[in-house]
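What follows is a single structure, written as structure tokens, with notes after it.
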Amino acid sequence: MSAAPTIGWSAFAAARYRPGTSHSHFLGTDDALIGLVRDHWRDRRPGEGRDGLAEVVVVPVPPERFVCATVEVDETTPLHAVFTRRQTHEDGYVEVSAEGEREPARHAAVVLYSAATLLENGGARSTGCDWEIVCLIAAPVADAPMDPLTMARNMLAKPGGTPCRYTAGQFAAAVWYWRDRARIHVDGGD
93 MSAAPTIGWS AFAAARYRPG TSHSHFLGTD DALIGLVRDH WRDRRPGEGR
143 DGLAEVVVVP VPPERFVCAT VEVDETTPLH AVFTRRQTHE DGYVEVSAEG
193 EREPARHAAV VLYSAATLLE NGGARSTGCD WEIVCLIAAP VADAPMDPLT
243 MARNMLAKPG GTPCRYTAGQ FAAAVWYWRD RARIHVDGGD
């Protein structure tokens with residue numbers, strides 16, 4: 093049996109997935125989160141658009157202590173729109189956020205990139221670890237698809253994206269899932 097991989101946070105993700113932001117986050121220590129990933133490493137599966145376990149993996153973890161980033165939207169929901177970018181070198185986009193209550197986190201997973209994958213498309217590593225946490229998923233449903241804009245950034249190998257391919261069905265499912273959801277609006281939060 094091979095040695096357990098080393099796991100750390102990417103600097104990008106560590107700044108985003110924390111309390112006080114409009115992103116999903118974990119109400120525990122970094123060590124506790126990394127421990128959860130290690131405890132459930134055997135359950136990992138390929139990331140969306142991937143075939144194997146060498147580049148991007150999704151590790152399902154118990155949802156307790158995870159906080160969801162989304163709000164269900166209807167015609168009465170106050171919405172906010174801003175033109176933003178995730179990082180200064182990335183292309184800008186319109187981001188819509190919604191006022192309301194965060195959806196419950198009934199499912200959670202941690203997305204990790206291998207050291208080699210982090211270097212693709214002009215990327216960088218933040219640690220000397222084998223794998224880095226790049227995203228925390230906390231969702232009301234199992235297998236919630238990623239935001240279609242993120243999928244497009246990846247598939248088109250845009251700055252900040254990690255090149256991979258998605259099917260038309262994956263894109264359609266993502267658009268349908270996100271048709272009545274938005275990230276929570278947090279005043280002064282990222």
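So in the working numbering, the last one in the sequence shown is 282, and the numbering has no gaps at all.
We put the CB at the ideal spot given by N, CA and C, even for glycine.
Given the structure is predicted, the values throughout are model-derived calculations rather than measurements.
Residues that residue i bridges to, as DSSP identifies them
| i | result |
| --- | --- |
| residue 189 | 172, 275 |
| residue 205 | 148, 224 |
| residue 136 | Its beta-bridge partners do not exist; DSSP assigns none. |
| residue 117 | 159 |
Residue i in three-state terms, based on DSSP
| i | result |
| --- | --- |
| residue 111 | coil |
| residue 127 | helix |
| residue 196 | coil |
| residue 265 | helix |
| residue 234 | coil |
CA-to-CA distance, residue j to residue i, given in whole angstroms
| i | j | result |
| --- | --- | --- |
| residue 126 | residue 120 | 10 Å |
| residue 133 | residue 151 | 6 Å |
| residue 221 | residue 157 | 25 Å |
| residue 284 | residue 136 | With the chain covering 93 to 282 only, the question about residue 284 has no answer from this structure. |
| residue 280 | residue 207 | 32 Å |
| residue 179 | residue 96 | 32 Å |
| residue 147 | residue 209 | 6 Å |
| residue 223 | residue 246 | 19 Å |
| residue 268 | residue 278 | 24 Å |
Among the options, nearest to residue i - alpha-carbon criterion
| i | options | result |
| --- | --- | --- |
| residue 250 | 230, 215, 191 | 215 |
| residue 105 | 98, 122, 96 | 122 |
| residue 197 | 113, 118, 102 | 118 |
| residue 228 | 111, 184, 187 | 111 |
| residue 274 | 107, 100, 116 | 116 |
| residue 271 | 245, 256, 241 | 241 |
| residue 163 | 142, 186, 156, 190 | 190 |
| residue 195 | 167, 160, 217 | 160 |
| residue 262 | 97, 100, 140 | 140 |
| residue 236 | 225, 202, 252 | 202 |
| residue 199 | 210, 102, 232 | 232 |
| residue 167 | 252, 192, 246 | 192 |
| residue 143 | 165, 130, 258 | 258 |
| residue 226 | 96, 103, 173 | 103 |
| residue 243 | 182, 223, 266 | 266 |
| residue 230 | 101, 98, 99, 109 | 109 |
| residue 100 | 184, 170, 205 | 205 |
| residue 253 | 264, 260, 239 | 239 |
Opening and closing residue of the beta strand (DSSP E) in which residue i lies
| i | result |
| --- | --- |
| residue 165 | Per DSSP, residue 165 belongs to no beta strand (DSSP E) and is neither H nor E. |
| residue 101 | 99 to 101 |
Host alpha helix (DSSP H) of residue i (start-end)
| i | result |
| --- | --- |
| residue 245 | 240 to 247 |
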